[in-house]
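Going by our numbering, the sequence shown opens with residue 831, and the numbers climb by one from there.
Notes follow once the structure below has been shown.
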Amino acid sequence: MWPKQVIARIEGGLGNQLFQYAAARSLADRLDCELALDLRGLDQNGDRPFQLDLYHVRASVATPELLDSLPDWRSSRLGRFKANLSQLAPLVFSFPVFWPASFAFDARFEKISRPAYLVGYWQTEKYFAWNRNRLMQDIQLKVPLSDDVPLLDLIRNTTSVALHIRRGDYVHNAAAAQFHGVCSMDYYHAAIAALKARFP
């Protein structure tokens, strides 16, 4: 039975969750249907909690009954093989699965004409740029940040910069380090020195 809603597999940290939501919500808006979120991907990576519930997202969490009807595509190589087959011959499969071919934009996304199960990171705005205004409303925090935070005043009244450092999971997880790469500590020290020189 073909799904009546777009279903998105959610995994990773907040940034990944926002990309997954934006792509899936935009597909659901284009197809004029509901969106359900499959959170099973978070169970396999417990250090990345579900955080989209902090925002006004237009989506429900997939029910156990719905999840029972879905294969857990990421749990095995066979699952991914079936997902790829469902893209090549979607009418043969009872539940179409769409998985981007790479981190670049996959034009097949624009040809999805029925609700489907989305698996992947969808890390380019090309999947949802047309829907920006609605998405900006969706990702408003339910509980606004306080304007009384002293740090906020400091940021507003000085030349401020931010440096994001990510090493923990990439350094300690060999597979992640090999796939993503890791910046050396020298890289970060050089970045700090460059910022200090540019903004004394």
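We treat Cβ as the ideally placed atom computed from N, Cα and C, and that holds for glycine.
Have a look at R878 and Q967 and give me their C-alpha separation to the nearest angstrom.
The sequence position of residue 878 within the sequence shown is 48, counting from 1. The sequence position of residue 967 within the sequence shown is 137, counting from 1. Those two C-alpha atoms are separated by around 24 angstroms.
I985 versus Q970: straight-line alpha-carbon distance, rounded:
For the purposes of this step, residue 985 is taken as the residue at position 155 of the sequence shown. For the purposes of this step, residue 970 is taken as the residue at position 140 of the sequence shown. Answer to the nearest angstrom: the Cα atoms are 21 angstroms apart.
Coil, strand or helix - Y1018 by DSSP:
Counted from its first residue, the sequence shown places residue 1018 at position 188. Here Y1018 sits in helix by DSSP.
Is the CB-CB distance between S890 and A866 below 8 angstroms?
The residue labelled residue 890 in the question sits at position 60 within the sequence shown. The residue labelled residue 866 in the question sits at position 36 within the sequence shown. Yes, the pair counts as a contact, with Cβ atoms nearer than the cut-off.
Provide the residue span of the beta strand (DSSP E) that contains R839, from first to last.
By one-based count along the sequence shown, residue 839 stands at place 9. From DSSP, the beta strand (DSSP E) with R839 extends over Q835 to R839.
Collapsed DSSP secondary structure at L975 in the structure displayed
Numbered from 1 along the sequence shown, position 145 holds the residue referred to as residue 975. Residue state, collapsed to three classes: coil.
Leaving aside the five residues before and after A956 along the sequence, list all residues of the same chain whose C-beta is less than 8 angstroms from its C-beta, in chain order.
As a position in the sequence shown, residue 956 is number 126, starting the count at 1. Note that residue 956 is Lys in the sequence shown, not Ala. F935.
Give the straight-line distance between the Cα atoms of Y951 and F958, rounded to the nearest whole angstrom.
Along the sequence shown, one-based indexing puts residue 951 at 121. Along the sequence shown, one-based indexing puts residue 958 at 128. Using only the alpha carbons, I get a separation of about 13 angstroms.
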